[in-house]
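> I'd like to ask some things about the structure below.
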Amino acid sequence: MSETPAIPQPGFNWWRVAAPLLIGLLVLGGWEWLVRAREIPPYILPGPVLIAETLWRDWGSLSVSLGVTLRITFLALLLAASLGLILAVLFAQSPVIEMSLFPYAVILQVTPIVAIAPLIIIWVDDVTLSLLICAWIVAFFPILSNTTVGLNSADHNLLDLMRLYRASRWQVLWRLRLPAAMPFFLSGLRISGGLALIGAIVAEFVAGTGGRASGLAYRILESGYQLQIPRMFAALVLVSVTGIAIFMALSLLSHLLLRRWHESAMARP
Amino acid sequence: MATAGPPVVSLREVAKRYATGTLAVQGVDLAIREGDFLALLGPSGCGKSTLLRLIAGLAEPSAGLVSRPDGDGIGFVFQEPTLMPWATAEANVALPLELKGNPRREARARAREWLGRVGLAGFERAYPRALSGGMKMRVSIARALVTQPRLLLLDEPFAALDEITRFRLNNDLLELWQRERFTVVFVTHSVFESVYLAHRIVVMAARPGRIAEEIAVTSPYPRDEAFRTSADYAAHCREVSQALTRAMAA
Ligand SMILES: Nc1ncnc2c1ncn2[C@@H]1O[C@H](COP(=O)(O)OP(=O)(O)O)[C@@H](O)[C@H]1O
Ligand SMILES: [Mg+2]
Numbered sequence: 247m248s249e250t251p252a253i254p255q256p257g258f259n260w261w262r263v264a265a266p267l268l269i270g271l272l273v274l275g276g277w278e279w280l281v282r283a284r285e286i287p288p289y290i291l292p293g294p295v296l297i298a299e300t301l302w303r304d305w306g307s308l309s310v311s312l313g314v315t316l317r318i319t320f321l322a323l324l325l326a327a328s329l330g331l332i333l334a335v336l337f338a339q340s341p342v343i344e345m346s347l348f349p350y351a352v353i354l355q356v357t358p359i360v361a362i363a364p365l366i367i368i369w370v371d372d373v374t375l376s377l378l379i380c381a382w383i384v385a386f387f388p389i390l391s392n393t394t395v396g397l398n399s400a401d402h403n404l405l406d407l408m409r410l411y412r413a414s415r416w417q418v419l420w421r422l423r424l425p426a427a428m429p430f431f432l433s434g435l436r437i438s439g440g441l442a443l444i445g446a447i448v449a450e451f452v453a454g455t456g457g458r459a460s461g462l463a464y465r466i467l468e469s470g471y472q473l474q475i476p477r478m479f480a481a482l483v484l485v486s487v488t489g490i491a492i493f494m495a496l497s498l499l500s501h502l503l504l505r506r507w508h509e510s511a512m513a514r515p
Numbered sequence: 031m032a033t034a035g036p037p038v039v040s041l042r043e044v045a046k047r048y049a050t051g052t053l054a055v056q057g058v059d060l061a062i063r064e065g066d067f068l069a070l071l072g073p074s075g076c077g078k079s080t081l082l083r084l085i086a087g088l089a090e091p092s093a094g095l096v097s098r099p100d101g102d103g104i105g106f107v108f109q110e111p112t113l114m115p116w117a118t119a120e121a122n123v124a125l126p127l128e129l130k131g132n133p134r135r136e137a138r139a140r141a142r143e144w145l146g147r148v149g150l151a152g153f154e155r156a157y158p159r160a161l162s163g164g165m166k167m168r169v170s171i172a173r174a175l176v177t178q179p180r181l182l183l184l185d186e187p188f189a190a191l192d193e194i195t196r197f198r199l200n201n202d203l204l205e206l207w208q209r210e211r212f213t214v215v216f217v218t219h220s221v222f223e224s225v226y227l228a229h230r231i232v233v234m235a236a237r238p239g240r241i242a243e244e245i246a247v248t249s250p251y252p253r254d255e256a257f258r259t260s261a262d263y264a265a266h267c268r269e270v271s272q273a274l275t276r277a278m279a280a
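First to last, the protein sequences are chains X and G.
In case it helps, the numbering used here puts the first sequence at residues 247 to 515.
In case it helps, the numbering used here puts the second sequence at residues 31 to 280.
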């Protein structure tokens, strides 16, 4: 350990992008070949080309549904992030609050959303609101539990330092606990992003069976009833792509916020 | 160097028992005078850190009395640099001032000034991750001194550093001490380090942690690399080493 600064190694490994892309192309090619060679009818398994065509042709109605699902997902994520953060801060301030409320958060988490979605949809008149509640229930827990751990993970010596300088509770929270919790919060957010989408889709399925929704899940159900399997696949592709996009966007956000100090965001040679 | 000032810290019959039942220190009487450079020397587990935390007010004694400077009269340097990884060197050093409510601009300016004094001019905007072990420790020392405390407490601050870096930081600490005239309590388990730095060495014994002996190192300051190789230094090291052996046998 000499007295020269350690310079973080910059570098971007293109294989991390190229390798999965290559696998994807191989699988799609194989799929298309299989469908054509075996002459599998499109109502059993459509090929990637047909799915792409359907996606293009039906983009008008599919994009509207995508918008509906995205809106629910983002609102739910926003709600989950803010309420999760606020509740975690409350927990960190008072062990009594944490002890009394945490079990209920766990109950919310372990109850399968499919089981309670019908109830919520019956109780709440507004469809959008009921979907939002379902998606929020699914997305909320990882943020709450991660942030709670993060707030308590502040370096003990730094906490002692705060005491030495007679920092107020608020100062300790703002200057020490919240920044220390940031990586934990962000990794919770990344998990919750995917969960919010799943929650929204599941709730739409439940609501869709009653014909009361218009999101992507409803398109999947509808296409299934009408045996428009390529369209069903097209909607499915949109769901997957949305999930991937959400995950990548949140990973990027996390990287941008942490890159200057956190090990997880450090570029490796 | 005159050290006949009034006591900055005094401990009377101090004991500390942890909740686990461990009696970490017992019957400690100690007066630390203004301008003193005192080393607490002892094997690991003899209660050095506990004693330092009692002096800092980070722990309450189970028995006895501790009097110390009030307000922000104390600076503390931990064994690890203990920096906020999300903040620049400058922001880390400015923390104590900003916690006291000093305006940010003023706090940052003072922080930059102190980074310069510990030899880190030009690294104000660096994040801890980009600094070497020795540089992080310098930031930690700058942070402890930025409030211009009367008393600086250091808990084995250089134990994790390589020897070359440690020697350099020893010299720089001595220089800061002679210039700024604060009082130092320096915890170490190294005989050589304690003799090189301190004016007064308190040798501790374990189970329960207590003061075994006190040795004055009469060699004059400024001390430099020439002192490290002098017969005087060697003689003091021998004396302290023997005291430590006696303390560990007792
Ligand atoms: N927070 C604590 N709780 C319980 N026991 C402790 C705690 N801190 C230190 N001890 C015990 O007190 C004794 C003295 O510890 P410490 O002051 O850290 O010694 P040193 O710094 O000389 O190594 C040890 O036996 C240690 O295990
Ligand atoms: Mg110790």
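In this text, a Cβ means the ideal position worked out from N, Cα and C, and glycines have one as well.
Keep in mind the model is a prediction, meaning the values are calculated, not measured.
1. Mind listing which residues of the stretch 138 to 154 of chain G have their C-beta closer than 7 Å to chain X's C-betas, in chain order?
2. Contact between the stretch 418 to 433 of chain X and the stretch 358 to 372 of chain X is defined here as three or more beta-carbon pairs at a separation below 8 Å; is this criterion met?
3. So, does the CB of residue 507 (chain X) fall closer than 8 Å to a CB anywhere in chain G?
4. If you run the structure through DSSP and keep just helix, strand and coil, what is residue 361 (chain G)?
5. From residue 203 (chain G) to residue 266 (chain X), what does the alpha carbon distance come to, in whole angstroms?
6. Given a threshold of 16 other Cβ atoms within 10 Å of its Cβ, counted over all protein chains shown, does residue 372 (chain X) qualify as buried or as exposed?
7. Could you list the residues in the stretch 59 to 71 of chain G with a C-beta less than 8 Å from some C-beta on chain X, going in chain order?
8. Rounded to a whole number of angstroms, what is the C-alpha to C-alpha distance between residue 293 (chain X) and residue 470 (chain X)?
9. State buried or exposed for residue 43 (chain G), treating a residue as buried only when at least 16 other CB atoms are found within 10 Å of its CB.
10. Do you know how far the Cα of residue 191 (chain G) is from the Cα of residue 198 (chain G)?
11. Would the beta-carbon of residue 497 (chain X) be found less than 7 Å away from any heavy atom of ligand 2?
12. Can you give the Cα-Cα distance for residue 148 (chain G) and residue 329 (chain X), rounded to whole angstroms?
13. So which residues on chain G does residue 532 (chain X) lean against when the C-beta distance must stay under 9 Å?
14. Can you tell me whether residue 353 (chain X) is buried or exposed, with buried defined as 16 or more other CB within 10 angstroms of its CB?
15. May I ask you to verify whether the stretch 119 to 137 of chain G touches the stretch 428 to 445 of chain X, counting CB pairs closer than 8 Å and requiring at least 3?
16. Can you list every residue whose CB sits closer than 6 Å to some heavy atom of ligand 1, going in chain order?
17. If you draw a straight line from the C-alpha of residue 411 (chain X) to the C-alpha of residue 129 (chain G), how long is it?
18. So, residue 286 (chain G) versus residue 126 (chain G), is the Cβ gap smaller than 8 Å?
19. Is residue 167 (chain G) near residue 188 (chain G), with beta carbons less than 8 Å apart?
20. Determine the burial state of residue 91 (chain G): buried for a count of at least 16 other Cβ atoms within 10 Å of its Cβ, exposed for fewer.
21. Among the candidates X:383, X:394, X:399, X:414, whose CA atom is the shortest distance from the CA of residue 439 (chain X)?
22. Quick check: does the Cβ of residue 185 (chain G) come within less than 7 Å of any heavy atom belonging to ligand 2?
23. My assumption, with CB atoms under 8 Å, is that residue 409 (chain X) sits in contact with residue 500 (chain X). Please give the rounded CB distance.
24. What does the alpha-carbon distance come out to for the pair residue 274 (chain G) and residue 112 (chain G)?
25. For the alpha helix (DSSP H) containing residue 64 (chain G), name the first residue and the last one.
26. Could you tell me which uninterrupted beta strand (DSSP E) segments, each at least 3 residues in length, are contained entirely in the stretch 102 to 161 of chain G, listed from first to last along the chain?
27. Closer than 7 Å, Cβ to Cβ, to anything on chain G: give me those residues from the stretch 382 to 414 of chain X, in chain order.
28. Does residue 40 (chain G) come out as helix, strand or coil in the three-state DSSP assignment?
29. When the Cα atoms are used, what is the spatial distance from residue 307 (chain X) to residue 464 (chain X)?
30. Please name the residue, chosen from X:417, X:378, X:279, that lies closest to residue 318 (chain X) on a Cα-to-Cα basis.
31. Please tell me whether residue 104 (chain G) has its Cβ less than 8 Å away from any Cβ of chain X.
32. Tell me which residues share the same chain as residue 502 (chain X) and place their Cβ nearer than 8 Å to its Cβ, disregarding the 5 neighbours each side in the sequence.
33. State the Cα-Cα distance for the pair residue 45 (chain G) and residue 75 (chain G), rounded to the nearest angstrom.
34. Quick one: residues in its chain with C-beta nearer than 7 Å to the C-beta of residue 381 (chain X), no 5 flanking neighbours on either side, listed in chain order?
35. Here's the rule: buried if 16 or more other CB atoms are within 10 angstroms of the residue's CB, otherwise exposed. What is residue 233 (chain G)?
36. Could you tell me whether any Cβ in chain G is nearer than 8 Å to the Cβ of residue 417 (chain X)?
So, from the data block:
1. Result list empty, no residue passes.
2. Counting Cβ pairs under 8 Å, fewer than three are found: no touch.
3. True, the Cβ-Cβ gap to chain G drops below 8 Å.
4. Since the first residue of chain G shown is 31 and the last is 280, residue 361 (chain G) is not available in this structure.
5. Counting only the Cα atoms, residue 266 (chain X) lies some 54 Å from residue 203 (chain G).
6. Residue 372 (chain X) should be labelled exposed.
7. Sequence-ordered contacts of the stretch 59 to 71 of chain G with chain X are nonexistent [C-beta pairs closer than 8 Å].
8. Straight-line Cα distance between these residues: approximately 17 Å.
9. With fewer than 16 other CB atoms across the displayed protein chains lying within 10 angstroms of its CB, residue 43 (chain G) is exposed.
10. Roughly 11 Å separates the two Cα atoms.
11. Checking the Cβ of residue 497 (chain X) against ligand 2 gives no.
12. Distance between the alpha carbons of residue 148 (chain G) and residue 329 (chain X) is about 44 Å.
13. It is not possible to answer for residue 532 (chain X), since the shown part of chain X is limited to 247 through 515.
14. Exposed, since its Cβ has fewer than 16 Cβ neighbours within 10 Å.
15. No, they do not touch.
16. Residues with their Cβ less than 6 Å from any non-hydrogen atom of ligand 1, running along the chain, are G:48, G:50, G:52, G:54, G:72, G:74, G:75, G:76, G:77, G:78, G:79, G:80, G:239.
17. Their Cα atoms are separated by approximately 7 Å.
18. Past the edges of chain G, shown from 31 to 280, lies residue 286 (chain G), and the structure says nothing about it.
19. Yes.
20. Residue 91 (chain G) is buried by the Cβ-count criterion.
21. With distances taken between Cα atoms, residue 439 (chain X) lies closest to X:383.
22. Yes, since a heavy atom of ligand 2 falls inside the 7 Å radius drawn around the Cβ of residue 185 (chain G).
23. Between residue 500 (chain X) and residue 409 (chain X) the Cβ distance is about 31 Å, and since that is not below 8 Å, they are no contact.
24. Their backbone Cα atoms lie some 30 Å apart in a straight line.
25. Neither: residue 64 (chain G) is in no alpha helix (DSSP H) and is coded neither H nor E.
26. Whole beta strand (DSSP E) segments, 3+ residues: 104 to 107.
27. Those residues of the stretch 382 to 414 of chain X placed with their C-beta closer than 7 Å to a C-beta in chain G are 401, 403, 404, 406, 407, 409, 410, 411, 413, ordered along the chain.
28. The three-state reading of DSSP puts residue 40 (chain G) in strand, counting E and B together.
29. In a straight line, the C-alpha of residue 307 (chain X) is about 12 Å away from that of residue 464 (chain X).
30. Among X:417, X:378, X:279, the Cα nearest to that of residue 318 (chain X) is on X:378.
31. Closer than 8 Å to the CB of residue 104 (chain G) there is at least one CB belonging to chain X.
32. Correct list: empty, nothing qualifies.
33. One C-alpha to the other measures close to 15 Å.
34. Within the same chain, 318, 319, 322, 442, 445, 446, 449 come within 7 Å of residue 381 (chain X) by CB-CB distance, once the 5 residues on both sides are set aside.
35. Per the 10 Å Cβ criterion, buried.
36. Interface residue, yes.
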